[in-house]
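Converting from the sequence shown to my numbering requires adding 45 to each position, the first position being numbered 1.
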Amino acid sequence: MSRSAHPAGPRHADVLPEGHYSAPAADLNVLDEKVWSRTVTRDADGALTVGGIAVARLAEEFGTPAYFLDESDFRARCRAWADAFGADADVFYAGKAFLSRAVVRWLKEEGLNLDVCSGGELTTALDAGMPAERIAFHGNNKTVAEIERAVEAGVGRIVLDSFQEIVRVAHVARRHGVRQRVQIRVTVGVEAHTHEFIATAHEDQKFGIALADGQAAEAVRRGLALDALELVGVHSHIGSQIFDMAGFEVSARRVVQLLAEIRDEHGVELPEIDLGGGLGIAYTSDDDPREPHEIAKALTDIVSRECEAAKLRTPRISVEPGRAIVGPTAFTLYEVGTIKPLEGLRTYVSVDGGMSDNIRTALYDAEYTVALVSRTSDAEPMLVRVVGKHCESGDIVVKDAFLPADLAPGDLIAVPATGAYCRSMASNYNHALRPPVVAVRDGEARVIVRRETEEDLLRLDVG
Ligand SMILES: *Cc1c(COP(=O)(O)O)cnc(C)c1O
46 MSRSAHPAGP
56 RHADVLPEGH
66 YSAPAADLNV
76 LDEKVWSRTV
86 TRDADGALTV
96 GGIAVARLAE
106 EFGTPAYFLD
116 ESDFRARCRA
126 WADAFGADAD
136 VFYAGKAFLS
146 RAVVRWLKEE
156 GLNLDVCSGG
166 ELTTALDAGM
176 PAERIAFHGN
186 NKTVAEIERA
196 VEAGVGRIVL
206 DSFQEIVRVA
216 HVARRHGVRQ
226 RVQIRVTVGV
236 EAHTHEFIAT
246 AHEDQKFGIA
256 LADGQAAEAV
266 RRGLALDALE
276 LVGVHSHIGS
286 QIFDMAGFEV
296 SARRVVQLLA
306 EIRDEHGVEL
316 PEIDLGGGLG
326 IAYTSDDDPR
336 EPHEIAKALT
346 DIVSRECEAA
356 KLRTPRISVE
366 PGRAIVGPTA
376 FTLYEVGTIK
386 PLEGLRTYVS
396 VDGGMSDNIR
406 TALYDAEYTV
416 ALVSRTSDAE
426 PMLVRVVGKH
436 CESGDIVVKD
446 AFLPADLAPG
456 DLIAVPATGA
466 YCRSMASNYN
476 HALRPPVVAV
486 RDGEARVIVR
496 RETEEDLLRL
506 DVG
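Put into structure tokens, the structure is as follows:
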């Protein structure tokens, strides 16, 4: 399926192969600001700079591959989300997208709350000083030990994901003599992904308790009956990389309808609803994400309208963007190692990382773009596939993109929008050393997660 069958100017092919790519940009040297973090620009020499520092200097100091995170952009995005939703709503950053102690401190300073979904994420959050009441604990199979720690720490909410968990959390809370604030995660029968939403994919998934068949209503009944739980609301998360608000509309309507049923049956109006995360970002120039204020307006309008219709007090809304905050703020910097032109097909460009630092392309065919960043070039565009150094032919970072035809080993290329689900999903495949995350701000760069070393690998190997 090609968006543009025969873009102009390929070097190694008369007819371009099938692929999911657009025509090359008119000028490959121009950085599309949609996909790059806010302080990224080219300096007078044509090198990409972030936070005022040129990539050559960054590569020299920190090595490649490495993730460079634009701290002021991250903070600005946090503020934009917080401001857009205002004082009557809560924004929870989904820590699984990328979490480190520095990130936790930024979130804390910018007034955001934090979602965690494992003991490790909880530890990171608490260690960096996130107040427990600003933490929400998620997951479809939290261990009893994890629940213990969350309850002990006093997390602001635990999102219950199954009937077993209702009982488990109540049991732990009772043992600690506390009344734990909880929400129930419901599966609303909508699963939304990029550009579309599928209302049929519904209950066939591991997360949440289905609205259909009265399962969610039964979970609410059990939750309300347990003194050790303070059921404050209903939670729904419908997918990822969503651009279309229609899925959220259906989801909000169904959640509000459940709140009305709860009021009718139990005489209580639950004070909170959480609409989850999943808001899309621009990975390539073809993506057009919405601004936080548009999303906030759309969501709050839907909820107030539905509540008015159901004669309910409007509950406090919360949302959980992960990707939409951190995704656009980082790029991965690689050094080009080998270049293989395959006549009539495309040119394979191998970099010094790959599926160990970005599994998303192999995992779900994610689309990325790439640019030559150590210099500019006036050479014609060539169709490339950027691949890693791992022992898998599916080890692809960027499936189809254009780079200048004079690309050479030693050039630095960068893949933008890798802030979310890249470092957090990174692996040690082939005993690769996971790359560092370097925060760049106002002319200063500092490592916030260091590069793994071979000693790190050997330390785990106690053989
Ligand atoms: C993954 C997840 C999010 C964040 O999703 P993004 O696509 O990063 O915004 C939010 N809430 C829940 C419950 C999630 O599982």
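Don't be surprised by glycine CBs; every beta carbon is placed ideally from N, CA and C.
Q.
Taking DSSP's pairing of strands, which residues face residue 135 in a bridge?
A. For this step, residue 135 is matched to residue 90 along the sequence shown. Answer by DSSP bridge pairing, in chain order: 363.
Q | Strand pairing of residue 229, partner residues [DSSP] | A | Along the sequence shown, read from residue 1 onward, the residue named residue 229 stands at position 184. The partner list for residue 229 (beta bridge, DSSP) reads 205, 279.
Q | Beta-carbon proximity list for residue 245, same chain, < 6 Å, skipping 5 on both sides | A | Start at 1 with the first residue of the sequence shown, and residue 245 comes out as number 200. In this prediction, residue 245 has a pLDDT of 49, which is less than 50 and means its spatial position is unreliable; what the coordinates show is noted afterwards. Hits under 6 Å: none found.
Q. Cβ-heavy atom distance between residue 322 and ligand 1 below 8 Å?
A. One-based indexing of the sequence shown puts residue 322 at position 277. Yes; taking the cut-off as 8 Å, the Cβ of residue 322 has a heavy atom of ligand 1 nearer than that.
Q: Taking only runs that begin and end inside the segment 335 to 396, name each unbroken beta strand (DSSP E) of 3 or more residues, in chain order.
A: 361 to 364, 375 to 386, 392 to 396, all fully within the segment 335 to 396.
Q) What are the uninterrupted segments assigned as alpha helix (DSSP H) that are 4 or more residues long and contained completely in the segment 150 to 180, given in chain order? A) Qualifying alpha helix (DSSP H) stretches, in chain order: 164 to 172.
Q: Give me the Cα-Cα distance between residue 439 and residue 236, rounded to the nearest whole angstrom.
A: Counting from one through the sequence shown, the residue named residue 439 turns up at place 394. Counting from one through the sequence shown, the residue named residue 236 turns up at place 191. For residue 439 and residue 236, the distance between alpha carbons rounds to 27 Å.
Q. Count the other CB atoms within 10 Å of the CB of residue 282; is the residue buried (16 or more) or exposed (fewer)?
A. The count along the sequence shown starts at 1 and reaches residue 282 at position 237. Buried is the call here.
Q.
Using the three-state DSSP reduction, which class does residue 246 fall into: helix, strand or coil?
A. Counting from 1 along the sequence shown, the entry for residue 246 is found at position 201. With a pLDDT of 47 at residue 246, under the threshold of 50, the modelled position of this residue cannot be trusted; read the value that follows with caution. It is coil, neither helix nor strand.
Q: Taking residue 361 and residue 314 to be in contact with their CB atoms under 8 Å, please state how far apart those CB atoms are, rounded to whole angstroms.
A: Residue mapping note: residue 361 aligns to position 316 of the sequence shown, counting from 1. Residue mapping note: residue 314 aligns to position 269 of the sequence shown, counting from 1. Contact flag wrong, Cβ pair sits at about 11 Å.
Q: Compute the Euclidean distance between the alpha carbons of residue 134 and residue 450, then round it to the nearest angstrom.
A: Within the sequence shown, numbered from 1, the residue matching residue 134 stands at position 89. Within the sequence shown, numbered from 1, the residue matching residue 450 stands at position 405. Each residue's Cα considered, the two are about 50 Å apart.
Q) Can you name the residues that DSSP bridges to residue 94? A) Sequence index remark: in the sequence shown, residue 94 carries index 49 (1-based). The partner list for residue 94 (beta bridge, DSSP) reads 86, 99.
Q | Touching by the beta-carbon criterion (3+ pairs, under 8 Å), the segment 367 to 376 and the segment 107 to 125 | A | Contact between the segment 367 to 376 and the segment 107 to 125 is present, because at least three Cβ pairs lie under 8 Å.
(Q) With H, G and I counted as helix, E and B as strand and the rest as coil, what does DSSP make of residue 494? (A) Here residue 494 refers to the residue found at position 449 when the sequence shown is read from its first residue. If DSSP states are grouped into helix, strand and coil, residue 494 belongs with the strands.
**Q.** Paired residues, beta bridge with residue 427 - DSSP
**A.** To locate residue 427, count along the sequence shown from 1; it is residue 382. Beta bridge pairing from DSSP links residue 427 with 448.
Q: With distances taken Cα to Cα, identify the nearest neighbour of residue 252 among 501, 165, 204.
A: Against the sequence shown, residue 252 aligns to sequence position 207. When the alpha-carbon of residue 252 is set against those of 501, 165, 204, the nearest one is in 204.
(Q) Just to confirm my understanding: we take residue 49, look at its own chain, exclude 5 residues before and 5 after, and list those with CB closer than 8 Å. What are they? (A) The sequence position of residue 49 within the sequence shown is 4, counting from 1. Interpretation of residue 49 is limited by its pLDDT of 41, a score under 50 that renders its predicted location unreliable; the figure taken from the coordinates is listed afterwards. The answer, listed in chain order, is 66, 67, 68.
Q) If you draw a straight line from the alpha carbon of residue 290 to that of residue 328, how long is it in whole angstroms? A) Reading the sequence shown from its first residue, position 245 is the one you call residue 290. Reading the sequence shown from its first residue, position 283 is the one you call residue 328. When the Cα atoms are used, residue 290 and residue 328 turn out to be separated by approximately 19 Å.
Q: With DSSP as the reference, please indicate the residues paired to residue 284 in a beta bridge.
A: Your numbering for residue 284 matches position 239 in the sequence shown. Answer by DSSP bridge pairing, in chain order: 237.
Q: Taking residue 430 as the reference, give the member of 383, 287, 501, 470 with the closest Cα.
A: Counted from its first residue, the sequence shown places residue 430 at position 385. The option with the nearest alpha carbon to residue 430 is 383.
Q. Alpha carbon to alpha carbon, what distance is there between residue 198 and residue 171?
A. Taking the sequence shown and counting its residues from 1, one reaches residue 171 at position 126. Taking the sequence shown and counting its residues from 1, one reaches residue 198 at position 153. Those two C-alpha atoms are separated by around 8 Å.
Q) Which same chain residues, not among the five before or five after residue 279, have their C-beta less than 7 Å away from its C-beta? A) Here residue 279 is taken as the residue at index 234 of the sequence shown, counted from 1. These residues qualify, in order along the chain: 228, 229, 231, 300, 303, 304, 315, 318.
Q. How is the alpha helix (DSSP H) around residue 295 delimited, first residue to last?
A. Taking the first residue of the sequence shown as position 1, residue 295 is located at position 250. Per DSSP, residue 295 is one residue of the alpha helix (DSSP H) stretching across 291 to 311.
(Q) Tell me which residue opens and which closes the alpha helix (DSSP H) that residue 194 is part of. (A) In the sequence shown, residue 194 corresponds to position 149, counting from 1. Per DSSP, residue 194 belongs to the alpha helix (DSSP H) from 189 to 198.
Q. For residue 167, is the classification buried or exposed, using 16 other Cβ atoms within 10 angstroms of its Cβ as the cut-off for buried?
A. Taking the first residue of the sequence shown as position 1, residue 167 is located at position 122. Buried is the call here.
**Q.** Opposing strand residues paired with residue 486 [DSSP bridges]
**A.** If you number the sequence shown from 1, residue 486 lands on position 441. Beta-bridge pairing links residue 486 to 489.
Q. Who are the Cβ neighbours of residue 473 in its own chain at under 8 Å, not counting the five residues just before and after it?
A. Start at 1 with the first residue of the sequence shown, and residue 473 comes out as number 428. The answer, listed in chain order, is 401, 479, 497, 502.
Q: Taking 9 Å as the cut-off, decide whether the C-beta atoms of residue 337 and residue 130 are in contact.
A: For this step, residue 337 is matched to residue 292 along the sequence shown. For this step, residue 130 is matched to residue 85 along the sequence shown. In this structure, residue 130 lies closer than 9 Å to residue 337 by Cβ.
Q: With DSSP collapsed to three states, give me the class of residue 129.
A: As a working mapping, residue 129 is identified with position 84 in the sequence shown. Residue 129: helix per DSSP, three-state reduction.
Q. Any heavy atom of ligand 1 closer than 8 Å to the Cβ of residue 230?
A. On the sequence shown, position 185 is the one that residue 230 refers to. True, at least one ligand heavy atom lies under 8 Å from that Cβ.
Q. Can the beta-carbon of residue 433 be found less than 9 Å from the beta-carbon of residue 381?
A. Taking the first residue of the sequence shown as position 1, residue 433 is located at position 388. Taking the first residue of the sequence shown as position 1, residue 381 is located at position 336. The Cβ-Cβ distance between residue 433 and residue 381 does not fall below 9 Å.
(Q) By alpha-carbon positions, which one of 186, 287, 344, 441 ends up nearest to residue 367? (A) Stepping through the sequence shown from its first residue, residue 367 is reached at position 322. Relative to the Cα of residue 367, the nearest Cα in the group 186, 287, 344, 441 belongs to 287.
Q: Spell out the partners DSSP gives residue 317 in its beta bridges.
A: Translated into positions along the sequence shown, residue 317 becomes position 272. Residue 317 pairs with 278, 361.
Q | ligand 1 heavy atom lying under 8 Å from the CB of residue 367 | A | Reading the sequence shown from its first residue, position 322 is the one you call residue 367. Yes, Cβ of residue 367 sits closer than 8 Å to a heavy atom of ligand 1.
Q.
Whole angstroms are fine: how far does the CA of residue 471 sit from the CA of residue 359?
A. Start at 1 with the first residue of the sequence shown, and residue 359 comes out as number 314. Start at 1 with the first residue of the sequence shown, and residue 471 comes out as number 426. Taking the straight line joining both Cα atoms gives about 41 Å.
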